[in-house]
Amino acid sequence: MVKRANNTFELYLCEKPSQGRDIARILGANQRNDGYLQGDKVVVSWCIGHLLEMIPPDEYDPKYKRWSLDTLPILPQDWKMSAKKSTSKQLTVLKKLLKRSHSVVIATDADREGETIAREVLDYFKYTGATRRLWLSALDTVSVQRALKAIRPSIETEPLYHSGLARGRADWLIGMNLTRAFTLLVNDRQVRSVGRVQTPTLALIVNRGREISNFKPVPYYEISAYFKTHNGIAGELLETKWQFPEQISTGQGDEQKRCLDKHVAQSVIDRCQNQQGLVTTATTARKKQPPPLLYNLSGLQQEASRRWGYGALEVLNLAQSLYETHKLTSYPRSDCEYLPLSQFNDVSTILQALCKNDASLCDLIAQANKAQKSRVWNDKKVTAHHAIIPTQATPGITRLNVKELNIYNLIRRRYIAQFFADFEYDQSTIIVTIDTDQFQTSGRIARVKGWKQAIETESRQSFSKPAGEDNKQELPAVTKGEQLLCDHLKLLDKLTQPPKHYTEGTLIKSMETIGTQVTDKVMKKILRETAGLGTQATRANIIQTLFQRKFIIAEKKLLKATQLGFDLIDAVPDTIKDPVLTAQWEQQLDDIANNKGQDINGFLQQQILLLNAIVTQVKKPQTKYQSSPVSSNSVTPASAHPAKQYQAGDPCPECSHTLEVRTAIRGKKIGQNYIGCSHFPDCRFYAWPSL
Numbered sequence: 003m004v005k006r007a008n009n010t011f012e013l014y015l016c017e018k019p020s021q022g023r024d025i026a027r028i029l030g031a032n033q034r035n036d037g038y039l040q041g042d043k044v045v046v047s048w049c050i051g052h053l054l055e056m057i058p059p060d061e062y063d064p065k066y067k068r069w070s071l072d073t074l075p076i077l078p079q080d081w082k083m084s085a086k087k088s089t090s091k092q093l094t095v096l097k098k099l100l101k102r103s104h105s106v107v108i109a110t111d112a113d114r115e116g117e118t119i120a121r122e123v124l125d126y127f128k129y130t131g132a133t134r135r136l137w138l139s140a141l142d143t144v145s146v147q148r149a150l151k152a153i154r155p156s157i158e159t160e161p162l163y164h165s166g167l168a169r170g171r172a173d174w175l176i177g178m179n180l181t182r183a184f185t186l187l188v189n190d191r192q193v194r195s196v197g198r199v200q201t202p203t204l205a206l207i208v209n210r211g212r213e214i215s216n217f218k219p220v221p222y223y224e225i226s227a228y229f230k231t232h233n234g235i236a237g238e239l240l241e242t243k244w245q246f247p248e249q250i251s252t253g254q255g256d257e258q259k260r261c262l263d264k265h266v267a268q269s270v271i272d273r274c275q276n277q278q279g280l281v282t283t284a285t286t287a288r289k290k291q292p293p294p295l296l297y298n299l300s301g302l303q304q305e306a307s308r309r310w311g312y313g314a315l316e317v318l319n320l321a322q323s324l325y326e327t328h329k330l331t332s333y334p335r336s337d338c339e340y341l342p343l344s345q346f347n348d349v350s351t352i353l354q355a356l357c358k359n360d361a362s363l364c365d366l367i368a369q370a371n372k373a374q375k376s377r378v379w380n381d382k383k384v385t386a387h388h389a390i391i392p393t394q395a396t397p398g399i400t401r402l403n404v405k406e407l408n409i410y411n412l413i414r415r416r417y418i419a420q421f422f423a424d425f426e427y428d429q430s431t432i433i434v435t436i437d438t439d440q441f442q443t444s445g446r447i448a449r450v451k452g453w454k455q456a457i458e459t460e461s462r463q464s465f466s467k468p469a470g471e472d473n474k475q476e477l478p479a480v481t482k483g484e485q486l487l488c489d490h491l492k493l494l495d496k497l498t499q500p501p502k503h504y505t506e507g508t509l510i511k512s513m514e515t516i517g518t519q520v521t522d523k524v525m526k527k528i529l530r531e532t533a534g535l536g537t538q539a540t541r542a543n544i545i546q547t548l549f550q551r552k553f554i555i556a557e558k559k560l561l562k563a564t565q566l567g568f569d570l571i572d573a574v575p576d577t578i579k580d581p582v583l584t585a586q587w588e589q590q591l592d593d594i595a596n597n598k599g600q601d602i603n604g605f606l607q608q609q610i611l612l613l614n615a616i617v618t619q620v621k622k623p624q625t626k627y628q629s630s631p632v633s634s635n636s637v638t639p640a641s642a643h644p645a646k647q648y649q650a651g652d653p654c655p656e657c658s659h660t661l662e663v664r665t666a667i668r669g670k671k672i673g674q675n676y677i678g679c680s681h682f683p684d685c686r687f688y689a690w691p692s693l
């Protein structure tokens, strides 16, 4: 336990030296020392990221030094940390400072990881003094001064630490045990790294690759019909598309309303050529689009990936530089796209700072309606951090490199757009009917540019076309009830296209929105729509880890799994590679962070239960399995009854896909293994082990 001396002071514990210097400058702690800055009754010091790490298995017991299935699973009863060798000197500095401090202000990054970095040091040295929390949204002078006036009781953010501990220990349990298990199972002298979030993320890429490899294009047919208009320019034709009818024989169309039968399409052309069509719909409606929401980290990563091919970690580092080095933008790891109402008081100052930083924006900012409150000001939708926005700092932009400027431009223009009117356009729709065949076209004409003038240079393709829009041209003037002659028709031969390989941007989006992709009714009730793989702060590093471990490669921005990646996903059980289950765990970690009833021990017991089941399965020879019925709304099979025996690798008797070993994740048989169809949830065949 750290004992405090009489000559005490308040210690501000930051996450890194640069952050410490920013805070020390405002606190007047200007006296430099080795590893800290000192002022009058205040000292500012720092970690250098995590100063501590969980000890490896062999430090719990030397028998774990040799990898063996016999020693698995490894389940520490008393979790221990040790100093990282590379930063042990700074840890020693903190030990001495903690002895002399009467209180600590945790001033690390305002997130789960920052909370964990600071509190694990305090726990390591058994610090018993008072603690408070400095919650920073930005590092410019004004933001730091405000935060210093609103220091919180540390108990408010302690649940973040509990969540961080749970995450770290779960990652250790899964990583240490299953990496050993599947490395030993394959036995080819190559380490098979398994991770709680890393492996299901890899599964997304592997599954997408297989979808593409196994894709068989299907021909389909479209028809363009051209009608003569009476009021149009001489020779002008109205181009329309045939609408596949709802009532048509099975096999002639698909769920996307595409015509699969060429004879059907040709018959439309034959019967409509040179026929009179009746205009049954001719409407024009004024539509409005509000300014887009502000950026959170994943939105920024997706846009930068789409526009310039930037990697997810690259964007995070650029945003971190804008926040930490240049002080031009707010905290970058935010998952929020909204702002608190209190932040509206800073609008004029921020816009003035943007103009001062870059005079080329002054004319645009002069047109902004500073009194306009867009939908982004919403206290109910603000999470721990508000959206990423410009700060009031005015260092100029000359020190920014090209990539930093690109990211800064996205952030600042999205903010400026909030003070412009809605984009308005006229949406026109025309439907021409010949007997039972309908031909449709639509278009739009911009009427009020609004917010688009603020960000059109940001990206001319950032905003999708309104649904049903075929073109942006003004359509010929026609009226409902008018007769138009069908001049000619074209039959267009098309092929269905395979899904696209992930880019880092689209993978980030998929990881973020796993909760919205769930079709299983039971999981849909459990998962919130916000459930995702990893967090805003960790997704970029997860992707980077997959690169480093040679599970994936990038070919012209497209992410593809290597053979090593395919082999790992084929080897591990469904529970470890299931993105939905992992998203459920992430949701539970979020509940711990928000003090919503979930606790560390309960969360870790779930991991241990599944871990035991998986390790048990790995240790024994292939088990024979027996089929049983499955409830239509459950991911856990019903009780077994006498039937044929099955094993992993057999073809599914219901759909012919491959059977695989799965583990029940809820119900009375949680943790037990069974055989299930790899095509779940589309196929719900299951089999329990024969007794």
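Numbering of the sequence shown is given in the numbering used here, commencing with residue 3 and proceeding in unit increments.
Virtual Cβ for every residue (Gly too), placed ideally from N, Cα, C.
My assumption, with CB atoms under 8 angstroms, is that Cys261 sits in contact with Asp439. Please give the rounded CB distance. Numbered from its first residue, the sequence shown carries residue 261 at position 259. Numbered from its first residue, the sequence shown carries residue 439 at position 437. That pair is no contact at about 12 angstroms.
Check each candidate in Glu326, Leu330, Asn347 and Gly398 and name the one with the smallest Cα separation from Lys358. Mapped onto the sequence shown, residue 358 falls at position 356. Out of Glu326, Leu330, Asn347 and Gly398, Gly398 has the C-alpha closest to the C-alpha of Lys358.
Determine, using beta-carbon pairs with one atom in the region 81-97 and one in the region 56-65, whether at least three such pairs fall under 8 angstroms. yes
Do you know offhand how far Gln33's Cα is from Ala26's? For the purposes of this step, residue 33 is identified with residue 31 of the sequence shown, where counting begins at 1. For the purposes of this step, residue 26 is identified with residue 24 of the sequence shown, where counting begins at 1. Spanning the two alpha carbons is a distance of roughly 9 angstroms.
Go ahead and label Ala368 buried or exposed: buried means 16 or more other beta carbons lie within 10 angstroms of its beta carbon, across all protein chains shown. Mapped onto the sequence shown, residue 368 falls at position 366. Classification for Ala368: exposed.
Using three-state DSSP, classify Asn408 as helix, strand or coil. Walking along the sequence shown from the start, residue 408 turns up at place 406. Helix, per DSSP.
Just verifying my parser: in three-state terms, what is the DSSP assignment at Ala645? Within the sequence shown, the letter at position 643 stands for residue 645. Confidence is the limiting factor: at Ala645 the pLDDT is only 39, short of 50, which leaves the residue's position unreliable, though a coordinate-based value still follows. DSSP places Ala645 in coil when its eight states are reduced to three.
Quick check on this structure: which residue in Thr203, Gln245, Asn380 and Glu238 has the alpha carbon closest to the alpha carbon of Gln580? Indexing the sequence shown from 1 puts residue 580 at position 578. For the sequence presented, residue 580 should be read as Asp rather than Gln. Looking at the Cα atoms, Thr203 is the closest of the given residues.
How many Å lie between Glu160 and Pro334 at the Cα? To locate residue 160, count along the sequence shown from 1; it is residue 158. To locate residue 334, count along the sequence shown from 1; it is residue 332. Taking the straight line joining both Cα atoms gives about 22 angstroms.
Are the region 112-121 and the region 60-74 touching by the rule of at least three beta carbon pairs closer than 8 angstroms? no
So the candidates are Leu561, Lys243 and Asp522; which of them puts its Cα closest to the Cα of Leu494? The residue you call residue 494 lines up with position 492 of the sequence shown. When each option's Cα is compared against that of Leu494, the closest is Lys243.
Which residue marks the beginning of the beta strand (DSSP E) containing Asp437, and which one marks its end? The sequence position of residue 437 within the sequence shown is 435, counting from 1. Where Asp437 is concerned, there is no enclosing beta strand (DSSP E), given that its DSSP letter is neither H nor E.
Give the DSSP-derived three-state secondary structure of Cys274 in the structure shown. Counting from one through the sequence shown, the residue named residue 274 turns up at place 272. Three-state DSSP puts Cys274 in a helix.
Report the CB separation of Ala109 from Tyr325 in whole angstroms; it is logged as a contact under 8 angstroms. Counting from 1 along the sequence shown, the entry for residue 109 is found at position 107. Counting from 1 along the sequence shown, the entry for residue 325 is found at position 323. Going by Cβ atoms, the distance from Ala109 to Tyr325 rounds to 15 angstroms, so no, they are not a contact pair.
Does Ile677 pass the burial test, meaning 16 or more other C-beta atoms within 10 Å, or should it be called exposed? Position 675 of the sequence shown, counting from 1, holds the residue named residue 677. Answer is buried; the Cβ neighbour count reaches 16.
Cβ of Asp60 within 8 angstroms of any chain D Cβ: Protein chains in the displayed structure number just one, and chain D is not present.
Length at least 3, wholly inside the region 523-595: the beta strand (DSSP E) runs in chain order: 554-557 and 560-563
Own chain, CB closer than 6 angstroms to Pro19, minus 5 neighbours either side, in chain order: Residue 19 sits at position 17 when you count from the first residue of the sequence shown. Closer than 6 angstroms at Cβ, skipping near neighbours: Trp48.
Taking the alpha carbon of Gln592 as the reference point, which residue from Ser165, Asp24, Thr10 and Arg449 has its own alpha carbon closest? By one-based count along the sequence shown, residue 592 stands at place 590. Checking the displayed sequence, the identity of residue 592 turns out to be Asp instead of Gln. That would be Ser165, whose Cα lies nearest to the Cα of Asp592.
With a 10 Å radius around its C-beta and 16 neighbouring C-beta atoms as the bar for buried, classify Asp190 as buried or exposed. Within the sequence shown, the letter at position 188 stands for residue 190. Classification of Asp190: exposed, given that the 10 Å Cβ count is below 16.
Limits of the unbroken alpha helix (DSSP H) element including Val349: Numbered from its first residue, the sequence shown carries residue 349 at position 347. Per DSSP, Val349 belongs to the alpha helix (DSSP H) from Val349 to Asn359.
Quick one: what's Glu12 bridged to in DSSP? Start at 1 with the first residue of the sequence shown, and residue 12 comes out as number 10. In the DSSP output, where bridge partners are listed per residue, Glu12 has Val44 and Ser105.
Measure the Cβ-Cβ separation of Ala585 and Gly651 and say whether it is below 8 angstroms. Counting from one through the sequence shown, the residue named residue 585 turns up at place 583. Counting from one through the sequence shown, the residue named residue 651 turns up at place 649. Result no, Cβ atoms of Ala585 and Gly651 do not sit closer than 8 angstroms.
Count the CB pairs spanning the region 535-546 and the region 597-616 that are closer than 8 angstroms, and state whether there are at least three. no
Can you tell which of Asn276, Lys151, Val46 and Val404 has its C-alpha closest to the C-alpha of Asp489? Locating residue 489 in the sequence shown gives position 487, where the first residue counts as 1. It is Asn276.
Candidates Ser430, Arg182, Leu341 and Ala355, of which the one nearest Leu376 by Cα: Start at 1 with the first residue of the sequence shown, and residue 376 comes out as number 374. Before going further, note that residue 376 is Ser rather than Leu in the sequence given. Among Ser430, Arg182, Leu341 and Ala355, the Cα nearest to that of Ser376 belongs to Leu341.
Of the listed residues Val144, Lys101, Thr143 and Leu96, nearest to Thr123 (C-alpha basis): Here the question's residue 123 lines up with position 121 in the sequence shown. Reading off the sequence, residue 123 comes out as Val, not Thr. Looking at the Cα atoms, Leu96 is the closest of the given residues.
Using CA atoms only, rank isn't needed, just tell me which of Val384, Lys91, Trp69 and Asp63 is closest to Ser37. Translated into the one-based positions of the sequence shown, residue 37 becomes position 35. Ser is not the amino acid found at residue 37; the sequence shown has Gly there. Of Val384, Lys91, Trp69 and Asp63, the residue nearest in Cα terms is Lys91.
Answer yes if the region 491-510 comes into contact with the region 220-233, meaning at least three C-beta pairs across the two stretches below 8 angstroms, and no otherwise. yes
From Thr298 to Asp360, what distance separates their C-alpha atoms? Sequence index remark: in the sequence shown, residue 298 carries index 296 (1-based). Sequence index remark: in the sequence shown, residue 360 carries index 358 (1-based). Sequence check: residue 298 is Asn here, not Thr. So the two alpha carbons sit approximately 23 angstroms from each other.
Does the region 427-444 come within contact of the region 407-414, defined as at least 3 CB pairs closer than 8 angstroms? no
Quick check on the DSSP output: the alpha helix (DSSP H) that includes Glu241 runs from which residue to which? Sequence index remark: in the sequence shown, residue 241 carries index 239 (1-based). Taken as a continuous stretch (DSSP letters only), Glu241 belongs to no alpha helix (DSSP H), being part of the beta strand (DSSP E) at Leu239 to Trp244.
Classify Leu13: buried if its beta carbon has 16 or more other beta carbons within 10 angstroms, exposed otherwise. The residue labelled residue 13 in the question sits at position 11 within the sequence shown. So Leu13 ends up on the buried side.
In whole angstroms, give me the CA-to-CA distance for Gly313 and Lys558. Position 311 of the sequence shown, counted from the first residue, corresponds to residue 313. Position 556 of the sequence shown, counted from the first residue, corresponds to residue 558. Going from the Cα of Gly313 to the Cα of Lys558 covers about 12 angstroms.
Ala689 in three-state terms, based on DSSP: Here the question's residue 689 lines up with position 687 in the sequence shown. Ala689 falls in the strand class under three-state DSSP.
Can you give me the C-alpha to C-alpha distance between Leu15 and Ser105, rounded to a whole angstrom? In the sequence shown, residue 15 corresponds to position 13, counting from 1. In the sequence shown, residue 105 corresponds to position 103, counting from 1. Whole-angstrom Cα-Cα distance: 10 angstroms.
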